[in-house]
Amino acid sequence: KKEKLMEVFENIDLNFKEIYPKICRNGEGYLHLENKDEPFEGGLIIRARPPGKKMRDIRYLSGGEKSQVAIAFILALQRYDPSPFYVLDEVDQNLDMVNSEVIAKMIKKNSASAQFIMISLHKIIMNFADHLYACYIKDGISRMVAIQNIQDIPSYDEDEKDNE
Amino acid sequence: KKEKLMEVFENIDLNFKEIYPKICRNGEGYLHLENKDEPFEGGLIIRARPPGKKMRDIRYLSGGEKSQVAIAFILALQRYDPSPFYVLDEVDQNLDMVNSEVIAKMIKKNSASAQFIMISLHKIIMNFADHLYACYIKDGISRMVAIQNIQDIPSYDEDEKDNE
Amino acid sequence: MYLKEVYMKNFKSFGKQTIVVKLSQGLTVVSGPNGSGKSNISDALLFVVGGQRTKKLRADNYAGLIFDGGKKGKGAKSAEVKLIFSNDDRKINVDSDLVEFTKKIKQKGKGPADVKTYYYINGRSSSRGEFHNIFSVARLSSDGYNVVQQGTVNDIADSTPKQRRGILDDMA
Amino acid sequence: MYLKEVYMKNFKSFGKQTIVVKLSQGLTVVSGPNGSGKSNISDALLFVVGGQRTKKLRADNYAGLIFDGGKKGKGAKSAEVKLIFSNDDRKINVDSDLVEFTKKIKQKGKGPADVKTYYYINGRSSSRGEFHNIFSVARLSSDGYNVVQQGTVNDIADSTPKQRRGILDDMA
Ligand SMILES: Nc1ncnc2c1ncn2[C@@H]1O[C@H](COP(=O)(O)OP(=O)(O)OP(=O)(O)O)[C@@H](O)[C@H]1O
Ligand SMILES: Nc1ncnc2c1ncn2[C@@H]1O[C@H](COP(=O)(O)OP(=O)(O)OP(=O)(O)O)[C@@H](O)[C@H]1O
Ligand SMILES: [Mg+2]
Ligand SMILES: [Mg+2]
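The listed protein sequences derive, respectively, from chains V, L, C and H.
Those letters in the first sequence? Residues 155 to 318, by this note's numbering.
Those letters in the second sequence? Residues 155 to 318, by this note's numbering.
Those letters in the third sequence? Residues 1233 to 1404, by this note's numbering.
Those letters in the fourth sequence? Residues 1233 to 1404, by this note's numbering.
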C-alpha cells in the first residue's frame, strides 16, 4: 500500500515538474509529501514559482496562477493513467487570454494521441478546434449545431434574445 | 435575536426578488428558510427559475446561472446594509459576454450613488468604466497605469512577453 | 478507437427530439451561452461510462435526469443516451467495427426512486457490470481524471493537502 | 465622501517604489494579466479598513504581506498602505476635507510574528480601535459584503443552506 502510493507520488511529481513550466511559461514547481515516512499521516503540498517570482505554496498564488497549477496537476494525473478520450469543462475559466491560449495549444498537441472535448466560453480556444459545436437553448430545450467557420458562431446576443 | 433574523430575512428576500429577475433577464427567484418557526435550526434555501425554464434549487443550475443567483444575493445583502464604496473582484468569471454585460450595466447604474471598483478580465466590462487601470508585473513587481482609451489596454501578449 | 457519435433523448435539458453529436479524433470544442446545455453533454457521457453516483451528474436521483419539459411542456417519462465508438482496433472488447452503448432510464411509478435502468450493447440487452468491465479494460471509465467536470480546477486549487493526497490514494 | 487615492509601498507584489492609484466617484475598472497584482489592491484596501484577519489577505501572517523582493531583490522590512478620502460632507468623523488613513507594518525581529503595526490619521498617530470606530460609523468597514473578494461568488453558489443562513445571522 505505502510502496504503491510512493510510486504514484514519484511519477506524478515527475509529470508535474515537466508540465507546469510549459503551462506558466518558464516557472517551476513541485509536489511534496508532508510526511515522507508515513505518507498517509500527512497531506500533499504543491509549491510553485510563477515566472519572475519567488517559490510559494499554491495557497498564496493569484486566482489564475492557482488554476495553472491545478491544470498541471490534472494533466500530470492523466499522463500517469492515460485514457483514449478526455472531457475538459471550462478549465480556462480563471485564465486571461494569453494563458488560455497556452492551454489550448497544449491540449491541441495532446489531441494527436487521444480524443479531447473542451467546453469553453473563450473564443481564443475555438481557434484550435478540429470541430466546433455551438450549444443553444430555446424554451428550456437544448440544441447543438456544428459550426464550419468560427465567424459563424451565433453571437450569444442573437441567441439570448431568441430565448425570451 | 429571532425577530432580528426574520427582519433581515424578509428584507433580503424582497431585495433578491427584485434584483435576480434583472440579472437573468426575466426569470424569478426567492429565498426560503427551511424552518420558519425555528430559523436557527434550519438553513437558507435559494430557488431560481432562469428564463424559459422550470424553478429549481440553486444546486441544479448551470455554473453561470449559479453565479447570477449568487451575485443577486450579494447585491441584495449590499442593498440592506449600504456602504459608500464597493470592490467586486472578478464576479463575472463564469459568465458569458451577454450576462457579463448585464452585470456591468447594473453596476454602472449603482455607481451613480456609491463608488465601485470592479476587477475583471472581460473587455466588455471595461466599456462601462469611468476610469480604467491596467495592472502589470515585471520581475515580480506590480505596477499600475491609467488607461485613457480602451484600445490602449496593453494586450496581455506584450505584457506577458515583457514578463520574461 | 474513438467516440464517434453521441445520441441524447430526453436527457436533462435535451428534449424529446433526439440530438446527435458527430465527433471525430482530435480536438472538439463546444461553446454556447450560460445554461445552454454544455455541461449536460459531459453529464451524458458520465451517465454511460461513469458509475452510479448521480451526485456527479448534478441531480438528486435518476428521475432528475429525465427532461422536465422546459418552459411549456410536460416532463418526459424516460431518458436515453447512446454512445457509438469506432472500434477498428478492437480496443473495446466487442467484436464489431462500431460499438453502441445505450443506457436508458424509465420512470415506473410516482416516486423519484421508481426508475428502472436498461443497458444495451449493439442492441442486445446488457448490464451495469458488463458496461463497467468493458469500460475499465478499454480505459474509458471515469475513475481517473479523464472527465474533468466544471469547477474541478477551482476545487483542486483550493483543496487541502490531505484532500490532494487523497487523490493520489485513489490512483494507487 | 469617496476614496480619492490609494498609496501602496512594499505591500505584497507592490515594490519599494510607491504606487499611487487616483480614483474618482463612479465606476473604476481594473484589468490585467493573471498574477499582475489586481487582487492585491483589494487586499490593500481590506488591510486598512478591514479587521485583523490576515487569512482574508491570503497570507499566513503580517510578515507575509511585506514585499518579498520579487525575482531578483531582497525582501523589504516594512510595508505601508495609505488611503485618502475626500470628506467634504464630513461623513467621516474627522474635521478635514481630506482624510488620510495610513497603516504601516515593520518587521522588528527574525520571527514572522515580530511585526509591529502603526496607525496614522492625517499624519498623527492613531490606533486599531480608532480606525475601527471611524470606519464603522462611516459604514466603510468590510464586515458587510462591500468588498467581494475573488472566489466569493463561487463560494456562495456552492454553499450549503446552513452556511447561507449564517450570512444572514452576521447581518442580524
Ligand atoms: N431534467 C432536466 N430537465 C430540463 N432541464 C434540466 C434538467 N436538469 C438540468 N436542467 C437544466 O439544464 C441547464 C444546465 O445546463 P448546463 O449546466 O449544461 O449549462 P452550461 O451550458 O454548462 O452553462 P454554463 O456556461 O453556465 O456552465 C440548467 O438550466 C438546468 O436547470
Ligand atoms: N509579500 C509578497 N511579495 C511579493 N509578491 C507577493 C507577496 N504576496 C503575494 N505576492 C504575489 O502576488 C501575486 C498575486 O497577485 P494577485 O492575486 O493580485 O493577482 P491578480 O492580478 O489578481 O491575478 P488573477 O487574475 O490570476 O486573479 C502572486 O503571484 C503572489 O505570489
Ligand atoms: Mg457548464
Ligand atoms: Mg485576482
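Note that CB positions come from ideal geometry on N, CA and C, so glycine has one too.
Predicted model, so just to flag it, every value in this text is computed and none were measured.
Asked, Found
"Which of helix, strand or coil DSSP assigns to R213 of chain L", "helix"
"Separation of N180 of chain V from P205 of chain V, as counted between CA atoms", "6 Å"
"Cut-off 6 Å between Cβ atoms - residues of its own chain near T1250 of chain H, not counting five sequence neighbours on either side", "Y1239 and K1241"
"D1390 of chain H Cβ short of 6 Å to ligand 1 heavy atom set", "no"
"Spatial neighbours of Q222 of chain L in its chain, beta-carbon cut-off 7 Å, leaving aside the 5 residues before and after", "I177, C178 and N253"
"Q1395 of chain H classed as buried or exposed, judged by whether at least 16 other C-beta atoms fall within 10 angstroms", "exposed"
"Ligand 6 heavy atom lying under 6 Å from the CB of G217 of chain L", "Of the ligands this structure carries, namely ligand 1, ligand 2, ligand 3 and ligand 4, none is ligand 6."
"Any C-beta of chain V under 7 Å from that of K207 of chain L", "yes"
"Element boundaries [beta strand (DSSP E), containing V1253 of chain H]", "I1251 to K1254"
"CA-to-CA distance, D1292 of chain C to L1400 of chain H, given in whole angstroms", "26 Å"
"Where the alpha helix (DSSP H) through L1384 of chain H begins and ends", "Note that residue 1384 of chain H is Thr in the sequence shown here, rather than Leu. That run of the alpha helix (DSSP H) goes T1384 to A1389."
"Straight-line gap, F1367 of chain H to G1361 of chain H (C-alpha atoms, nearest Å)", "10 Å"
"Collapsed DSSP secondary structure at T1286 of chain C in the structure displayed", "helix"
"Min CB distance C289 of chain V to chain C below 7 Å", "yes"
"Residue-chain proximity (L275 of chain V, chain L), Cβ-Cβ < 7 Å", "yes"
"Nonlocal neighbours in the same chain, by C-beta distance under 6 Å from P193 of chain L, ignoring five residues either side", "L159 and L187"
"Endpoints, alpha helix (DSSP H) assigned at K1270 of chain H", "K1270 to V1281"
"C-alpha distance - K315 of chain V paired with K207 of chain L, whole-angstrom precision", "Confidence at K315 of chain V is low in this model, with a pLDDT of 36, below 50, so its placement is unreliable and the value that follows should be read with caution. The alpha-carbon atoms of K315 of chain V and K207 of chain L are separated by roughly 15 Å."
"R1322 of chain H Cβ short of 6 Å to ligand 2 heavy atom set", "no"
"Residues within the region 1261 to 1280 of chain C neighbouring chain L, beta-carbon criterion of under 7 Å", "P1265, N1266, G1267 and S1271"
"Best match in L:A300, L:I295 and L:I301 for proximity to G1269 of chain H [C-alpha to C-alpha]", "L:I295"
"Residue from H:L1255, H:A1295, H:K1348 and H:D1387 with nearest C-alpha to F239 of chain L", "H:L1255"
"Where the region 221 to 251 of chain L meets chain H: residues whose CB sits under 8 Å from a CB there", "S221, V223, A224, I225, F227, I228, L231, Q232, Y234, D235, P236, S237, P238, F239, Y240, V241, L242, D243, E244, V245, Q247 and N248"
"First and last residue of the uninterrupted alpha helix (DSSP H) at S254 of chain L", "M251 to N264"
"Minimum Cβ-Cβ distance from D167 of chain L to chain V less than 7 Å", "no"
"Residues near Y1350 of chain H by beta carbon distance below 6 Å, same chain, minus five either side", "K1336"
"Proximal residues to Y287 of chain L (C-beta, below 8 Å), its chain only, five neighbours per side dropped", "M298, V299, A300 and I301"
"Buried versus exposed call for R1397 of chain C [16 or more other C-beta atoms within 10 Å across all chains shown]", "buried"
"Buried versus exposed, by CB contacts within 10 Å (16 or more), E219 of chain L", "buried"
"DSSP state of D311 of chain L mapped onto helix, strand, coil", "Here the model assigns D311 of chain L a pLDDT of 39, short of 50, so the residue's position is not dependable, and the following value carries that caveat. Three-state DSSP puts D311 of chain L in a helix."
"heavy atom of ligand 1 below 6 Å from K1270 of chain C C-beta", "yes"
"Within chain L, the residues that G294 of chain V reaches when beta carbons sit closer than 8 Å", "G206, K207 and K208"
"Helix, strand or coil at R179 of chain L [DSSP, three-state]", "coil"
"S322 of chain V burial status per 10 Å Cβ neighbour count (16 or more: buried)", "A question about residue 322 of chain V goes unanswered here, because the residues of chain V that appear run from 155 up to 318."
"CB contact check: V299 of chain V to chain C, cutoff 7 Å", "no"
"Local Cβ density within 10 Å of T1392 of chain H, reported as buried at 16 or more and exposed below that", "exposed"
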